[in-house]
Amino acid sequence: MRKPRHQDSVLCPVEAALNRIGGKWKGLILLRLLEREWRFNELLRSLPGCTQRMLTKQLRELEADGIVHREIYPQVPPRVEYSLTEMGRDLELMVRAMCEWGQRYIEGVDLDATVPEKIPIEQ
0 MRKPRHQDSV LCPVEAALNR IGGKWKGLIL LRLLEREWRF NELLRSLPGC TQRMLTKQLR
60 ELEADGIVHR EIYPQVPPRV EYSLTEMGRD LELMVRAMCE WGQRYIEGVD LDATVPEKIP
120 IEQ
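Numbering that gives the first Met the number 0 puts the first residue of the sequence shown at 0, with every later residue one more than the last.
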């Protein structure tokens, strides 16, 4: 089992979720697997910038957490397909909400705008 990032992960549901699905590639992997089953190499090709080692690591963690199912077909050469488990499908609303939020953020970003000054926090 992986070590939690923070001590409060047992008490905080957000931390518990992020300990399972946090990471640079897991959100994108989940988004792809919501569409359909994927073979490893086609999933890798759909994630530009993700290395084979990183994808393997992320898929193994998701599988260990019960979010991703790995199916090995006994043929030569062996065929491996990845899909979401029922627990993984439970993440659909959250992943879709993140997509919608991201889209609104992208549309609202003014690339010519300067970064506003920090507002002092009252003590």
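Glycine included, every Cβ here is placed at the ideal spot set by N, Cα and C.
Residue i - DSSP class collapsed to helix/strand/coil
{"i": "Arg35", "result": "coil"}
{"i": "Ile66", "result": "coil"}
{"i": "Leu83", "result": "strand"}
{"i": "Ala16", "result": "helix"}
Per DSSP, the bridge partner or partners of residue i
{"i": "Leu43", "result": "None, per the DSSP bridge assignment."}
Proximity of residue i and residue j at Cβ, strictly below 8 Å
{"i": "Leu42", "j": "Arg35", "result": "no"}
{"i": "Gly22", "j": "Gln57", "result": "yes"}
{"i": "Leu46", "j": "Leu54", "result": "yes"}
**OP:** Take every Cβ of the stretch 68 to 77, pair it with every Cβ of the stretch 8 to 27, and state whether three or more of those distances are shorter than 8 Å.
**Re:** no
**OP:** Answer yes if the stretch 55 to 67 comes into contact with the stretch 23 to 30, meaning at least three C-beta pairs across the two stretches below 8 Å, and no otherwise.
**Re:** yes
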